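This is how it looks when you write it as structure tokens:
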């Protein structure tokens, strides 16, 4: 079986209670964007439970950053939360395919794996094509007032700035 990851998104959040709702929305949005609407609620609930476990184990006075990750790999949708810095072992949420893995001294990766619907595999999920494109307002503005082509002048100023002694920049 192929367990190759076909798509992945992640989000970094401060490990405070607000991260729980943000993680839930992030997972819900990703599942919707990846045309996995039937899994949206279960995935969002799994993300919420994982985030609650990590936030519960974090120090509220010095919470650090957690990383929420969702990926489509092999026959599963996988939700992961990587803990900030060193903290005590988070409680593992209830569920059939959840776990915790130590990824470093005192750092953990909590995960939940949900089977894709109808025997789908990651390679058959209709993922969105992403490309950088300007917003409609930016495209109108660019068409109205194009930037002059001063590429050589700009590049010369950048190179001159990089070649200067770094200590000279801080004396001004």
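In this note's numbering, the protein residues as written are 6 to 177. Where a beta carbon is used, it is the ideal one built from N, C-alpha and C, also for glycine. All values reported here derive from a predicted model rather than from experimental measurement.
| Check | Outcome |
| --- | --- |
| Inter-residue Cα distance where the pair is residue 118 and residue 142 | 40 Å |
| Alpha-carbon spacing of residue 13 relative to residue 95, whole angstroms | 24 Å |
| Burial state of residue 77, where buried means 16 or more other Cβ atoms lie within 10 Å | buried |
| Residue 108 to residue 140 span [Cα, whole Å] | 39 Å |
| 3 or more residues per run - each beta strand (DSSP E) lying fully within the region 22 to 109 | 70 to 78, 81 to 87, 103 to 109 |
| Nearest-angstrom beta carbon gap, residue 98 and residue 20 [assumed within contact, 8 Å] | That belief does not hold up - the Cβ atoms of residue 20 and residue 98 are roughly 16 Å apart, past 8 Å. |
| Residue range of the alpha helix (DSSP H) that includes residue 141 | 141 to 149 |
| Outcome for residue 167 when other beta-carbon atoms lying within 10 angstroms are tallied against a minimum of 16 | exposed |
| Per-residue burial, residue 52 [other beta carbons within 10 Å of its own, 16 or more giving buried] | buried |
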